[in-house]
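One structure below.
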Amino acid sequence: MCSAYGAQISERGKELLQFLISDLNLNLMPPLLLLVFLIQAWPVKPQADRNIFILAGQSNMAGRGGVVNDTTTGVTTWDGVVPPQCRPSPSILKLNAQLMWVEAREPLHADIDTKKTNGVGPGMAFANTVLDKNAGFGVVGLVPCAIGGTNISEWERGKELYNKMIKRAKASLHDGGSIRALLWYQGETDTVYLHDAQSYQRSLRKFFFDVRDDLQSPLLPIIQVALASGSGPYVEIVRQAQLGIDLLNLKTVDAHGLPLEPDGLHLMTSAQVDLGGMMANAFLQFVPSSTSNHNVSRASNEASVRLYDCAFYVYTLPFFLTFLIVLYQTFL
């Protein structure tokens, strides 16, 4: 019975194909040709470029803004406060733990730095600032990779954190786009021991070279953060190591003086917003000014996309429905 039904459908399909091609039915062809013309002639909306940023380092990159510790229970919780500068947007995506692009929202590292309580970090403020100051920039794709409490030695080439970061970075390119920069904020743990602090600059320099090499991007822009705090007594040694690195396409923003949470280690939410803006301003120095249009707002840019979609359906849907009606009446 199934084979007979399939044969009937097949014969019906042949009749339809013969009707469309050979018979050139005069009632059917005008709407069909007009529909084809509209689809072919209508300008194709270009897919927005995906500008990808790797977010790596330790807890202040992962985000602890708004994370509070209950001194009675010892349980840490996030207060859930998301500043306007960290608002979600259809133009800001993140690569989640399953290597899928989803709309980004705080806390960015919730599914990455899973052993800690995550809050607000600099990533969303960075992305929003870039888009606010460069309306034609396209889509921002954030690739969270930071893990709290990690030493620079754990980010050495070949080790787990480094390998995962490179894997995620390469996976982010599968659907198109380009890696625009590495955002790096790490070093608090390396302030505990003098040896780690003294060897920090050498280790960090090698890390930057290795990342550029493995991503086949020898001039990849890097935005690093000079420490605002540390877990040990050698904060200034690590800070000077960070500030003293002189590499092409490396910019350092200084977090010194930004307000900290009561733990004296992690940046407050307001500080993370400020830091994200500082990092965005540093990155935008790499972007040609010709791509910026400060007279065009993000709202008008997104409204234009919605208007395009609306116009396409308004103009094509009636012709498509006409085609279906004529087709139905012809074969009824």
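Counted from 1, the sequence shown has number 267 at position 267 by the UniProt record's numbering; the numbering is strictly sequential. For every residue, glycine included, the Cβ atom is placed at its ideal position computed from N, Cα and C. Just so it is clear, the structure is predicted and the values come from calculations on it, not from any experiment.
Can you give me the C-alpha to C-alpha distance between S199 and V235, rounded to a whole angstrom? Those two C-alpha atoms are separated by around 13 Å.
Return helix, strand or coil for Y185, following the three-state DSSP convention. Correct three-state label for Y185: strand.
N-terminal and C-terminal residue of the beta strand (DSSP E) that D254 is part of: Start and end: 250–254.
Which same chain residues end up closer than 6 Å to R212 when comparing Cβ atoms and leaving out the 5 residues on each side of it in sequence? Counting only residues of its own chain and dropping the five nearest sequence neighbours on each side, R212 has a CB closer than 6 Å to the CB of P218, L220.
What are the start and end residues of the alpha helix (DSSP H) that includes N128? Per DSSP, the continuous alpha helix (DSSP H) segment holding N128 begins and ends at 123–133.
Which class does P84 belong to by DSSP, given the choice of helix, strand or coil? Look at P84 here: in three-state DSSP terms it is helix.
Please specify which runs of the alpha helix (DSSP H), each continuous and at least 4 residues long, are wholly inside the stretch 141–229, giving them in chain order. Within the stretch 141–229, the complete alpha helix (DSSP H) runs of at least 4 residues are 160–171, 194–198, 200–214.
Taking the beta strand (DSSP E) that E103 falls in, what are its first and last residues? Taken as a continuous stretch (DSSP letters only), the beta strand (DSSP E) holding E103 covers 101–103.
Here's a check: name, in chain order, each residue in its chain whose Cβ is nearer than 7 Å to the Cβ of L161, leaving out the five neighbours to either side. Excluding positions up to five away in sequence, the list reads I147, T150, E154, W155.
Residue of V81, K251, T117, A282 minimising C-alpha distance to A62: For A62, the nearest C-alpha among the options comes from T117.
Using DSSP's beta-bridge definition, name the partner residues of V120. Its beta-bridge partners are G65.
Measuring straight from C-alpha to C-alpha, what distance separates E103 and S270? If I take the Cα positions, the gap works out to 22 Å.
Tell me the DSSP secondary structure of L93 in three-state form. DSSP places L93 within a strand segment (E or B) once states are collapsed to three.
Residues in its own chain within less than 6 Å of L250 by CB, not counting five upstream and five downstream? The beta carbon of L250 is closer than 6 Å to those of I222 in its chain, skipping five residues each way along the sequence.
Using a beta-carbon distance below 8 Å, is I52 in contact with chain D? Protein chains in the displayed structure number just one, and chain D is not present.
On the three-pair Cβ rule with 8 Å, is the stretch 248–267 touching the stretch 89–108? Because the criterion of three Cβ pairs below 8 Å is not met, the stretch 248–267 and the stretch 89–108 do not touch.
From N51, L215, A226, N128, pick the residue whose C-alpha is nearest to that of V139; which is it? Closest by C-alpha distance to V139, out of N51, L215, A226, N128, is N51.
Measuring straight from C-alpha to C-alpha, what distance separates L99 and F53? Near 14 Å, if we compare the C-alpha coordinates of F53 and L99.
Among A226, D214, D263, nearest to T71 - alpha-carbon criterion: Nearest to T71 by C-alpha distance, out of A226, D214, D263, is D263.
Let's test the definition: count the other Cβ atoms within 10 Å of the Cβ of S178 and tell me whether it reaches 16, buried, or not, exposed. S178 is exposed by the Cβ-count criterion.
Are the beta-carbon atoms of R180 and G119 separated by less than 8 Å? No, they are not a contact pair.
In angstroms with no decimal places, state the Cα-to-Cα distance between P259 and H266. Taking the straight line joining both Cα atoms gives about 9 Å.
Run of the beta strand (DSSP E) containing I112, from where it starts to where it stops: Per DSSP, I112 belongs to no beta strand (DSSP E) and is neither H nor E.
Helix, strand or coil for G57, going by three-state DSSP, please let me know. The answer is strand: DSSP assigns G57 an E or B state.
Spatial neighbours of A169 within its chain, please: C-beta separation below 7 Å, excluding the five flanking residues on both sides. If we look at A169 and ignore the five residues flanking it on each side, its Cβ neighbours are I54, V143, I179, L215.
When the distance is taken between beta carbons, is R105 closer than 8 Å to P90? Against a cut-off of 8 Å, the Cβ pair of R105 and P90 comes out as no contact.
Just the Cα atoms here: how many angstroms apart are D274 and H109? Going by the C-alpha atoms only, they are around 19 Å apart.
Using a 10 Å radius around the Cβ and a threshold of 16 neighbouring Cβ atoms, would you call G80 buried or exposed? Sixteen is the threshold: since fewer than 16 other Cβ atoms of the shown chains lie within 10 Å of the Cβ of G80, the residue is exposed.
Tell me whether R157 counts as near the ligand GTP, meaning its Cβ is closer than 7 Å to at least one heavy atom of that ligand. By its list of ligands, the structure shown contains no ligand whatsoever, and the ligand GTP lies outside what it can speak to.
Use the C-beta contact count for G123: other C-beta atoms within 10 angstroms, 16 or more gives buried, fewer gives exposed. Residue environment: G123 is assigned as buried (16 or more neighbouring CB atoms within 10 Å of its CB, all protein chains considered).
Could you spell out where the beta strand (DSSP E) holding T76 opens and where it closes? It spans 76–78 - the beta strand (DSSP E) in which T76 sits, taken as one unbroken run.
Using the C-alpha atoms, what's the distance from A171 back to Q224? Here the C-alpha atom of Q224 lies approximately 23 Å from the C-alpha atom of A171.
Secondary structure at I52, three-state DSSP: helix, strand or coil? Correct three-state label for I52: strand.
How big is the Cα-Cα spacing for T77 and R202? Approximately 36 Å between the Cα atoms of the pair.
Would you check if the distance between the CB atom of R239 and the CB atom of A226 is smaller than 8 Å? Against a cut-off of 8 Å, the Cβ pair of A226 and R239 comes out as a contact.
Of the choices K167, V75, F126, whose alpha-carbon is the least far from that of K115? Of the candidates K167, V75, F126, the one whose C-alpha sits nearest the C-alpha of K115 is V75.
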